[in-house]
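Report on the structure given below.
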Amino acid sequence: MPLPLSAIPAQPHDNEPANAVRESAETLALLARRRSLKLMHLAAPAPGGEELDALITLAARVPDHGKIGPWRFVIIDGDARGRAGAVLEKVIHSDEGVDDARREFIRGWFDRAPACVMVVSSPRPNPKVPEWEQILSAGAVCFNLLLAAHAMGYAGSWLTEWPAFDERARGALGLAPEERIAGFVYLGTPTQGAAERVRADVSSRISRF
Ligand SMILES: Cc1cc2nc3c(=O)[nH]c(=O)nc-3n(C[C@H](O)[C@H](O)[C@H](O)COP(=O)(O)O)c2cc1C
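In this note's numbering, the protein residues as written are 1 to 209.
Pasting the structure below:
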């Protein structure tokens with residue numbers, strides 16, 4: 001059962017006290033056990049309306065050098081899923097080897113889950129903040145959104161898939177040439193639990209300088 005919207009605390013205003021430290025066993029437990037789910041296991045309801053806006057606002061609380069906010073969010077839920085799918089279908093419609101079955105599949109692309117947030121990396125030229133840092137900030141937003149949604153009681157998955165790497169699809173979805181898709185964060189209610197997957201062997205990746 002998702003938490004109510006009122007469970008999301010207000011964020012501090014500029015210069016108000018914030019938390020440099022905040023012990024939270026629950027956060028550690030969430031980090032230790034969180035899993036993504038396949039889209040076929042994300043059902044309605046997904047967070048929507050004010051609730052989704054609030055989750056995105058939380059997700060955007062990421063390190064952001066220069067306070068640029070080098071990202072933006074496009075919510076694709078409800079009827080918009082069909083419209084966005086139609087846009088993608090138009091992109092591939094006449095591609096070589098594309099048949100009616102593929103066209104139909106692509107038309108239903110965003111119907112695979114009840115809601116999707118397209119996180120757009122939108123770097124701005126800045127003499128002090130390299131583009132790389134701005135792109136990393138967009139990745140942090142994607143993961144923060146997954147964490148926030150999970151803590152609220154929803155499941156999700158951070159995917160890119162072909163539309164993120166097809167210039168025509170990016171343009172058709174409204175991206176400017178300098179923008180990239182950091183991720184499609186799909187959200188919904190889990191229809192089943194999750195089992196652990198194989199994890200990278202972190203110990204072999206830790207060294208001490
Ligand atoms: C930037 C990014 C893009 C991804 N794109 C895809 C994708 O297109 N298709 C896919 O099957 N998984 C993709 N994944 C992996 C999924 O998020 C995957 O389900 C996840 O890594 C499972 O791990 P988790 O349960 O710890 O979240 C992507 C991951 C990242 C970080």
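All C-beta atoms in this analysis are idealised placements derived from N, C-alpha and C, irrespective of residue type, glycine included.
Span separating the alpha-carbon of residue i from that of residue j
i, j, result
"Asp79", "Ala18", "39 Å"
"Cys142", "Leu88", "22 Å"
"Leu3", "Phe105", "33 Å"
"Arg197", "Arg34", "11 Å"
"His65", "Ala25", "29 Å"
"Glu167", "Glu23", "44 Å"
"Asp14", "Ala54", "18 Å"
"Ala113", "Leu39", "6 Å"
"Gly139", "Val21", "23 Å"
"Ser204", "Ala10", "40 Å"
"Gly82", "Asp99", "19 Å"
"Pro12", "Ser137", "21 Å"
Status (buried if at least 16 other CB within 10 Å, exposed otherwise) for residue i
i, result
"Arg134", "The amino acid occupying residue 134 in the given sequence is Gln; Arg does not appear at that position. Counting Cβ neighbours within 10 Å, Gln134 comes out buried, since at least 16 surround it."
"Asp77", "buried"
"Glu16", "exposed"
"Arg170", "buried"
Close beta carbons around residue i, own chain, < 8 Å, minus the five adjacent residues each side
i, result
"Gly156", "Ser36, Leu37, Leu42, Leu145, Leu146, Ala149, His150, Val185, Tyr186, Leu187 and Gly188"
"Arg103", "Glu89, Ile92 and His93"
"Phe209", "none"
Opposing strand residues paired with residue i [DSSP bridges]
i, result
"Arg33", "Arg33 pairs with nothing; no bridge assigned."
"Val74", "Met118"
"Val91", "In DSSP, Val91 forms no bridge with anything."
"Ser137", "The partner list for Ser137 (beta bridge, DSSP) is empty, contrary to what the question assumes."
Helix, strand or coil at residue i [DSSP, three-state]
i, result
"Met118", "strand"
"Arg102", "helix"
"Ile206", "coil"
"Pro190", "strand"
"Leu3", "coil"
"Arg180", "strand"
"Gly211", "Lying before the first or after the last residue shown, residue 211 is absent from the chain, which here runs from 1 to 209."
"Ala272", "Nothing can be reported for residue 272, as the shown portion of the chain is limited to 1 through 209."
Sequence-distant residues of the same chain with beta carbon closer than 7 Å to residue i, five excluded per side
i, result
"Glu50", "Leu5"
"Ile68", "Arg124, Asn126, Val129 and Gln134"
"Gly108", "Gly85"
Other residues of its chain near residue i: CB distance less than 6 Å, five sequence neighbours each side excluded
i, result
"Ala164", "Ile181"
"Ala115", "Ala46, Asp77 and Leu187"
Interface flag, residue i vs chain C, CB-CB below 8 Å
i, result
"Pro17", "The chain labelled as chain C is not found in the depicted structure, where only one protein chain is given."
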